[in-house]
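Residue numbers (the numbering used here): 121 to 800.
Report on the structure given below.
What follows is the structure in structure tokens.
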């Protein structure tokens, strides 16, 4: 479900960002280290030929991707460290006796229920029986509406679902919206791409469905697997392509509840909304109108028996990781090995930590920040954010292609950005969530329903601006357009993203560019349609919008030409927002670094000047080595470009890169000045 939070993914920051109008240096006193990981570099590579390999080449050559990972990367290494920190918290909660209903009891018993494979194997697929019975009781296609809502509520796929988000045109209120879904493969294109790899995946997917149904005790699994694949393919054929879902204005189609039957006439909309927990909404935003209309015929023309088979598959597929060893292993075999090329499951304790993080995230997060986030880190982040916002402001003022009218709106938006750093001001209340020892399936079903109900209860209430979309222990960051906020969880604030003991330059190239990236989302192809108050409206002059699209179109063309594998290119259109964020983020981070020097020369450290260290800092952040299958999946599903192109694709558009590393015509990354894209 697209919640409009655009990922790269302390109390709410109060006061005006004008507090940071001056630029500050933030490295510690004394002799700073460069922050460059010299042993990772391959200085035999010319920076102008392949900057990614220049910065990370030695590491890429000597690194073997761990058997339990689709890739080796900075993100995975930092995430591993965060998981180890969380494991300590969980094990402490698991080792003692705590009062029923206490935070420690819930954390410990949830983790224990995941780790106890003996109990899970004894229980087997028995937890599915009640929901299988519920599916068998469906009497007609009209009953499907209510079950679709129920399936979504307990975390299983359905042809479409409802959710709550900030209203894009009135962000002080919440809106109820629908979203397409119901596919077991990662994206609709997996059902149609006509090459050998995709055909092989489809064949193996049908075999996977058959095996999973058999393990769940469902008879005639082979023909039923074929039926499921046919229905999913039909659903996929009517769904909006991922590139099209970037047009947020095209997704904002508000219908009065009484008019919903014009989309699917014989659909029990009222029953579905009631089951979903929607509190008498007067309207629903239907995100994919054509798909919703097409669903009417699919529901009507597909036999009820096929729907029942599909819904049982949805239940088995969504629950496999919470059941016995056989289902868990087959689930990994397809989703881990076949789709991502990963030969081995992660250690069970890491999977268990992941379950606790995703289920009781803020409960764990509160304990995490007490041990792993310092006031000093927050203070230095505040300085960095202020410096980046000030540099964006100065850059916008100097844009030659933008009119004074649009500049005024853009500057107003910059002044209204809200940064959130570290952790939320108000923690989530889990007191009503029941966690029971050795009842993993029940725990996760109750937790998913708890989260769904918490979301639905927002309807009719003012938007809670203190809420976070990520937990503190998440290694990520995001920008949320309707709230015009940039959010940086505590766990991302560690090396190499952010090194408290390093010189400023590498930090500006690392976390500084990440901050700039998130600010840049406020002005990408989606964020630029929202004003400073988070209202989706047209605030650009016609000529300025044309100039903006000319520049972004050139960026689409550049990235679409990048070859990931011999038969696979970057999707420049789908990755546009992230590429704008990357280019703007590093460009503005470099400007902010220059301003922080206050006219003084940058020191030379480890043989590199200041600008060189900023660029190297950017390259270090995207250190990565991926399996072929993982790259294919990333290109097919992820709005971020593969790491190599996040590095090389950005630096070749920045003039200072050419000066810093003496890049000349004939070098592989060289672009003539008139071909370099400059947006901000």
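Just so you know, even glycine gets a beta-carbon here, dropped at the ideal spot from N, CA and C.
- The beta carbons of residue 404 and residue 432 sit no closer together than 9 Å.
- The residue from 676, 661, 559 and 594 with its alpha-carbon nearest to that of residue 229 is 559.
- Fewer than three pairs of CB atoms, one per stretch, sit closer than 8 Å, so the region 327 to 346 makes no contact with the region 607 to 617.
- Distances from the CA of residue 779 to each of 671, 731, 748 and 226 were compared; the closest alpha carbon is that of 731.
- Here the C-alpha atom of residue 286 lies approximately 10 Å from the C-alpha atom of residue 655.
- In the same chain as residue 760, and ignoring 5 residues on each side of it, the C-beta atoms closer than 6 Å to its own belong to 698, in chain order.
- Scanning its chain for C-beta atoms nearer than 7 Å, with the 5 sequence neighbours on each side dropped, one finds around residue 565 the residues 274, in chain order.
- Beta-carbon to beta-carbon, residue 755 and residue 684 are separated by about 6 Å, close enough to satisfy the 8 Å threshold.
- If you keep only unbroken beta strand (DSSP E) runs of at least 3 residues inside the region 628 to 707, you get 683 to 685.
- Between the alpha carbons of residue 503 and residue 621 lies a distance of about 15 Å.
- Contact check for residue 175 against residue 740 passes: the beta carbons are separated by less than 9 Å.
- By a beta-carbon distance limit of 8 Å, residue 799 contacts residue 704. Their separation comes to about 6 Å.
- DSSP places residue 575 in the helix class (H, G or I) of the three-state scheme.
- Annotation for residue 191: the continuous beta strand (DSSP E) segment containing it runs 191 to 193.
- The C-beta distance from residue 673 to residue 537 rounds to 27 Å, too long to meet the 8 Å contact threshold.
- When DSSP reads this structure, residue 539 sits in a beta bridge with 606.
- Bounds of any beta strand (DSSP E) do not take in residue 452; it lies within the alpha helix (DSSP H) bounded by 445 to 452.
- Distance from the CA of residue 579 to the CA of residue 290, rounded to the nearest whole angstrom, comes to 13 Å.
- Residue 409: member of the alpha helix (DSSP H) spanning 409 to 421, first to last residue.
- Under DSSP, residue 290 forms a beta bridge with 287.
- Here the region 516 to 532 makes no contact with the region 624 to 632; the two share fewer than three CB pairs at distances below 8 Å.
- No Cβ-Cβ contact shorter than 9 Å links residue 308 with residue 443.
- In the three-state DSSP reduction, residue 798 falls in the coil class, being neither helix nor strand.
- Between the region 203 to 214 and the region 465 to 482, the count of C-beta pairs closer than 8 Å reaches three or more; the two stretches touch.
- Annotation for residue 746: the continuous beta strand (DSSP E) segment containing it runs 744 to 746.
- A check of alpha carbon separations from residue 348 across 429, 541 and 577 identifies 429 as the nearest.
- The shortest CA-to-CA distance from residue 605 to any of 623, 595, 624 and 585 is the one to 585.
- Annotated as proximal: residue 723 and residue 623, with beta-carbon spacing under 9 Å.
- As computed with DSSP, residue 403 is found in a beta bridge with 376.
- Under the DSSP assignment, residue 512 falls in the alpha helix (DSSP H) whose first and last residues are 495 to 517.
- Setting aside the 5 residues that flank it on each side, residue 266 is surrounded in the same chain by 388, 391, 392 and 395, each with a C-beta closer than 7 Å to its C-beta; the list follows chain order.
- Assignment of residue 618 by DSSP, reduced to helix, strand and coil, places it in the coil class.
- Taking 9 Å as the cut-off, the Cβ atoms of residue 744 and residue 193 count as close.
- Just measuring C-alpha positions, the residue of 639, 563 and 416 sitting nearest residue 599 is 639.
- For residue 600, the enclosing beta strand (DSSP E) stretches over residues 598 to 600.
- Sixteen is the threshold: since fewer than 16 other Cβ atoms of the shown chains lie within 10 Å of the Cβ of residue 379, the residue is exposed.
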